[in-house]
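K.L.:
Residue numbers (my numbering): 35 to 352. In this text, a Cβ means the ideal position worked out from N, Cα and C, and glycines have one as well. As the structure is a prediction and not an experimental result, all values here were calculated from the model.
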Amino acid sequence: MSRRKVCLLAGGVGGAKMAEGLAAHDDVALSVIGNVADDESFHGLWVSPDIDTLTYSLAGMIDRSQGWGVADEGHRALQTLNLLGAETWMSLGDRDFGLHIHRTMRRAKGDRPSDIARDVARAFGVEPDILLPTDDVVQTRLRTTDGRWLSFQEYFVRERCAPEIREIAFSGMDMARPTPEALAAIAGADLIVIAPSNPLVSIAPILGIPGIGQALRAATAPKIAVSPFIDGRVVKGPADRMMAALGLRADALGVAQRYSGLADRLVIDHADAALGAEIAAAGPAPHCSDILMKTQADKARLAREILDLAFAPVEAVA
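Listed below in structure tokens is the structure:
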């Protein structure tokens, strides 16, 4: 069986679900470039939430009820830290701590973060390649209406997305270098998929790494993005509120405008079919589907539809 090389750009729960869907097909050789701009140090340990969510999901270890963390997890280490007066708003499970300890020890030895991510994925039995866009530290910063700058985890977890934002910045972005693995995955792909992830804080930090966006534009493979919006709302996360706060269209059309010149096609939900003409005018050819991924079967079905769509002429897209 000829396997198609698929490169997925992904972050958050939506990205992990799309990765699971693509990985379910034997005719796919999957590489996932994950978001690292949510990474942060907690309790002296380097935590990489989006990369870990990808790893746990593809390993079948993810806590399905919340979409992140390990299933059937304990929190005794966090309880001890709380007893000792540490800030414990970032919920880290006991087995999760083990991974963060391992990652931090290896980083302290000077190991490449890409090598660490690869080795962790293999140890957990993950077949797809989980790639980092950069081995440098790039971190999302959000300026709120009261003038504070928050890290993504402070905004997302500690503040529960309550503050309204006015600006997004990525510290370290201008000095970051792309990993050769990410560039090779993009250049060698038969299909490039942009997951239904937050365009502003999951996908933008990947595309913003110098060389990544340019490589994507230069790639000859079909490029298909999946909207994270259904009828003007996101399934999970703050993308709708963030885009609206920054004066952007908070719907599938807003996603099309963000990916104009990047994606050839945009998969949208049937509930957003009325936006089809405006989306086409923005650049990507729209394709309507049921994009809600509640079950493993949903993920595999949507992935198969994207695979089939990739090699159909644009004129045939409904």
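Just to check my reading of the structure: leucine 165 and alanine 216 have Cβ atoms closer than 8 Å, yes? What is that Cβ distance to the nearest angstrom?
P.N.:
Within the sequence shown, residue 165 is the residue found at index 131, counting from 1. Within the sequence shown, residue 216 is the residue found at index 182, counting from 1. Contact holds; Cβ gap of about 5 Å.
K.L.:
Skipping 5 residues on each side, what residues in its chain have a beta carbon closer than 7 Å to that of alanine 218?
P.N.:
Residue 218 sits at position 184 when you count from the first residue of the sequence shown. Nothing meets the Cβ criterion.
K.L.:
State the Cα-Cα distance for the pair valine 351 and isoleucine 202, rounded to the nearest angstrom.
P.N.:
The residue given as residue 351 occupies position 317 in the sequence shown. The residue given as residue 202 occupies position 168 in the sequence shown. Bear in mind that a pLDDT of 44 at valine 351, under 50, signals an unreliable position, so the number given afterwards is only what the model happens to contain. Each residue's Cα considered, the two are about 35 Å apart.
K.L.:
To the nearest whole angstrom, what separates the beta carbons of tryptophan 102 and threonine 87, a pair I think is in contact under 8 Å?
P.N.:
Translated into positions along the sequence shown, residue 102 becomes position 68. Translated into positions along the sequence shown, residue 87 becomes position 53. At roughly 5 Å, the Cβ-Cβ gap stays under 8 Å, so tryptophan 102 and threonine 87 are in contact.
K.L.:
Bridge partners for glutamate 74 per DSSP, in chain order?
P.N.:
Locating residue 74 in the sequence shown gives position 40, counting from the first residue. Looking at the DSSP assignment, glutamate 74 forms a beta bridge with Val81.
K.L.:
For a quick check, are the C-beta atoms of alanine 71 and glutamine 187 less than 8 Å apart?
P.N.:
The residue you call residue 71 lines up with position 37 of the sequence shown. The residue you call residue 187 lines up with position 153 of the sequence shown. No, Cβ-Cβ distance for alanine 71 and glutamine 187 is not below 8 Å.
K.L.:
What are the residues that DSSP puts in a beta bridge with isoleucine 96?
P.N.:
In the sequence shown, counting from the first residue as 1, residue 96 sits at position 62. In the DSSP output, where bridge partners are listed per residue, isoleucine 96 has Val104.
K.L.:
On the three-pair Cβ rule with 8 Å, is the region 142 to 151 touching the region 43 to 51?
P.N.:
With a cut-off of 8 Å, the region 43 to 51 and the region 142 to 151 do not count as touching, because too few Cβ pairs lie within range.
K.L.:
Report the partner residues of glycine 68 according to the DSSP bridge assignment.
P.N.:
Locating residue 68 in the sequence shown gives position 34, where the first residue counts as 1. Note: glycine 68 sits in a beta bridge opposite Ala44.
K.L.:
Let's test the definition: count the other Cβ atoms within 10 Å of the Cβ of glycine 288 and tell me whether it reaches 16, buried, or not, exposed.
P.N.:
Taking the sequence shown and counting its residues from 1, one reaches residue 288 at position 254. Looking at its Cβ environment, which holds 16 or more other Cβ atoms inside 10 Å, glycine 288 is buried.
K.L.:
With DSSP collapsed to three states, give me the class of aspartate 285.
P.N.:
Position 251 of the sequence shown, counting from 1, holds the residue named residue 285. Residue state, collapsed to three classes: coil.
K.L.:
Can leucine 92 and valine 160 be called in contact, C-beta distance under 8 Å?
P.N.:
Here the question's residue 92 lines up with position 58 in the sequence shown. Here the question's residue 160 lines up with position 126 in the sequence shown. Contact: yes.
K.L.:
Compute the distance between the beta-carbons of alanine 253 and tyrosine 293, then report whether it is under 8 Å.
P.N.:
On the sequence shown, position 219 is the one that residue 253 refers to. On the sequence shown, position 259 is the one that residue 293 refers to. Going by C-beta atoms, alanine 253 is not nearer than 8 Å to tyrosine 293.
K.L.:
I'd like to know whether the C-beta atoms of alanine 344 and leucine 241 end up nearer to each other than 8 Å.
P.N.:
Numbered from its first residue, the sequence shown carries residue 344 at position 310. Numbered from its first residue, the sequence shown carries residue 241 at position 207. Cβ atoms of alanine 344 and leucine 241: not closer than 8 Å.
K.L.:
I believe glycine 222 touches lysine 51 by the beta-carbon criterion, under 8 Å. Please report the beta-carbon distance rounded to the nearest angstrom.
P.N.:
In the sequence shown, residue 222 corresponds to position 188, counting from 1. In the sequence shown, residue 51 corresponds to position 17, counting from 1. Between lysine 51 and glycine 222 the Cβ distance is about 24 Å, and since that is not below 8 Å, they are no contact.
K.L.:
State the start and end residues of the unbroken alpha helix (DSSP H) segment that holds valine 154.
P.N.:
Numbered from 1 along the sequence shown, position 120 holds the residue referred to as residue 154. Its alpha helix (DSSP H) spans residues 147 to 157.
K.L.:
How big is the Cα-Cα spacing for tryptophan 183 and serine 36?
P.N.:
Along the sequence shown, read from residue 1 onward, the residue named residue 183 stands at position 149. Along the sequence shown, read from residue 1 onward, the residue named residue 36 stands at position 2. Computed Cα separation, rounded: 49 Å.
K.L.:
When burial is assigned at 16 or more other CB atoms within 10 Å of the CB, is arginine 267 buried or exposed?
P.N.:
Residue 267 sits at position 233 when you count from the first residue of the sequence shown. Classification for arginine 267: exposed.
K.L.:
So tryptophan 80 and histidine 136 are supposed to be a Cβ contact under 8 Å. How far apart are they, rounded?
P.N.:
Locating residue 80 in the sequence shown gives position 46, where the first residue counts as 1. Locating residue 136 in the sequence shown gives position 102, where the first residue counts as 1. The pair is not a contact, with the Cβ atoms about 10 Å apart (cut-off 8 Å).
K.L.:
Taking the CB atoms as reference points, tell me whether proline 162 and valine 66 lie closer together than 8 Å.
P.N.:
Here residue 162 is taken as the residue at index 128 of the sequence shown, counted from 1. Here residue 66 is taken as the residue at index 32 of the sequence shown, counted from 1. A contact, by the Cβ cut-off of 8 Å.
K.L.:
From the DSSP output, in three-state form, read off valine 160 for me.
P.N.:
Here the question's residue 160 lines up with position 126 in the sequence shown. Correct three-state label for valine 160: coil.
K.L.:
Classify proline 212 as helix, strand or coil using the three-state DSSP reduction.
P.N.:
Numbered from its first residue, the sequence shown carries residue 212 at position 178. Looking at proline 212 - three-state DSSP - the assignment turns out to be strand.
K.L.:
Less than 6 Å between C-beta atoms, sequence neighbours within five positions excluded: which residues of the same chain meet that for valine 171?
P.N.:
Indexing the sequence shown from 1 puts residue 171 at position 137. Hits under 6 Å: Gly206.
K.L.:
Any idea which residues DSSP pairs alanine 203 with across the strands?
P.N.:
For the purposes of this step, residue 203 is identified with residue 169 of the sequence shown, where counting begins at 1. Alanine 203 is bridged to Arg175.
K.L.:
For leucine 117, is the classification buried or exposed, using 16 other Cβ atoms within 10 angstroms of its Cβ as the cut-off for buried?
P.N.:
If you number the sequence shown from 1, residue 117 lands on position 83. Classification of leucine 117: exposed, given that the 10 Å Cβ count is below 16.
K.L.:
DSSP three-state label for arginine 299, please.
P.N.:
Indexing the sequence shown from 1 puts residue 299 at position 265. Three-state result, arginine 299: strand.
K.L.:
With 16 as the cutoff for other CB atoms within 10 Å, does arginine 200 come out buried or exposed?
P.N.:
Translated into positions along the sequence shown, residue 200 becomes position 166. Exposed, by the Cβ-count rule.
K.L.:
Between which two residues does the beta strand (DSSP E) carrying histidine 321 extend?
P.N.:
The residue you call residue 321 lines up with position 287 of the sequence shown. Unbroken beta strand (DSSP E) run through histidine 321: 319 to 323.
K.L.:
Using the C-alpha atoms, what's the distance from methionine 209 back to isoleucine 246?
P.N.:
Within the sequence shown, residue 246 is the residue found at index 212, counting from 1. Within the sequence shown, residue 209 is the residue found at index 175, counting from 1. In a straight line, the C-alpha of isoleucine 246 is about 13 Å away from that of methionine 209.
K.L.:
Output yes or no for whether 8 Å exceeds the beta carbon distance between alanine 297 and proline 318.
P.N.:
On the sequence shown, residue 297 is found 263 positions in, with the first residue counted as 1. On the sequence shown, residue 318 is found 284 positions in, with the first residue counted as 1. Closer than 8 Å, so yes.
K.L.:
Leaving out five residues before and five after aspartate 285 in sequence, what residues of the same chain have Cβ atoms less than 6 Å from its Cβ?
P.N.:
For the purposes of this step, residue 285 is taken as residue 251 along the sequence shown, with counting starting at 1. Excluding sequence neighbours, aspartate 285 sits near Phe263 and Gly266.
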